[in-house]
Every structure is written in C-alpha cells, then in structure tokens.
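Have a look at the structure below before the remarks.
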Amino acid sequence: MNQEGMKPCSKCGVLTLLADLYNYGSKDTLWCQACVNNQYNAWKARNTLEEAVEITEKRCGVCKRVKPVKDFYKDRANKTGLRWCCKKCSDKQAKKWRRHNIKHIREYARIWQTNKRGGSNNDAD
Ligand SMILES: [Zn+2]
Ligand SMILES: [Zn+2]
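Using my numbering, the letters of the sequence shown map in sequence onto residues 69 to 193.
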C-alpha cells in the first residue's frame, strides 16, 4: 500500500500524489485539490451570502412593493438589517397601533380614574 510520492489527504484521507497536495494551515496538514476547492467554495458561499445581505432593494412585507433600501427603517434584529416593511407602511402601522391602543390606554385611564374617585363603589350590571 506504500505508494511512492503519495500521501493521504489530511481531510478526506484519499491517497494523493504529493505534488497534488496542498499545505493547509500547518506543515502537516495536507489537503487534496478537491478538499481545497470544497473549502474555498464554502468560504465563497459564506462571503457571497454576506455580500447578498447588502441589498439595494427590498420587497415590503405589507404593500408588497419593491422599494430602495433607503425607504426602509433599519432593524438590527433582522437578518438584512432592515425592517420587514417599508417606512410608509411602518408609519401607517405605528399610527394604527397607536390609534388602536389609545382607546385601551384611555379606557384604562378612565377605569383607574373612576376607581380612584368611586373607591369601592363599583356596581355590577
Ligand atoms: Zn481531500
Ligand atoms: Zn410598504
């Protein structure tokens, strides 16, 4: 099994000509061309993925329109670093949320005020 000028690849273990093995990191780490390629492709894929995050346009999750990135609020929690819906829709939603919640907020305030004034004088209908 001792083939001259051949060594197993440190990664996949396939016996490869020394001339076709590449030092990877340390002197004793020898990788075959396939493993080097795989590693490079994985690295490239990772980097492409990161590059892809830097998008110039994004589809709004509410109005479904593709808009430039500047039309989106930044959102660090998001993978793309942008809010899932555009500024316009965000503002609309915020307004809607406030309008919806202000009723509750007022209601709570009213109940609280009533309770404060009326004390334990709460008649049940
Ligand atoms: Zn290999
Ligand atoms: Zn939108």
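The beta carbon of each residue, even a glycine, is placed where N, CA and C say it ideally should be. What you are looking at is a predicted structure, and each value in this text was computed from that prediction instead of being measured.
Where residue i falls: helix, strand or coil (DSSP)
i	result
Asn-198	Nothing about residue 198 can be read from this structure; the chain reaches only from 69 to 193.
Glu-72	coil
Thr-97	strand
Cys-128	coil
Val-82	coil
Arg-147	In the sequence under discussion, the amino acid at residue 147 is Lys, which differs from the Arg named in the question. Of the three classes helix, strand and coil, the one that applies to Lys-147 here is coil, per DSSP.
Cys-77	coil
C-alpha gap between residue i and residue j, whole angstroms
i	j	result
Lys-112	Asp-139	30 Å
Arg-127	Asn-146	14 Å
Ala-110	Tyr-90	17 Å
Ile-179	Ile-170	14 Å
Glu-72	Leu-83	11 Å
Gln-181	Arg-174	10 Å
Open item on the list: With three or more beta-carbon pairs closer than 8 Å as the criterion, would you say the segment 130-141 touches the segment 156-169?
Closed with: yes
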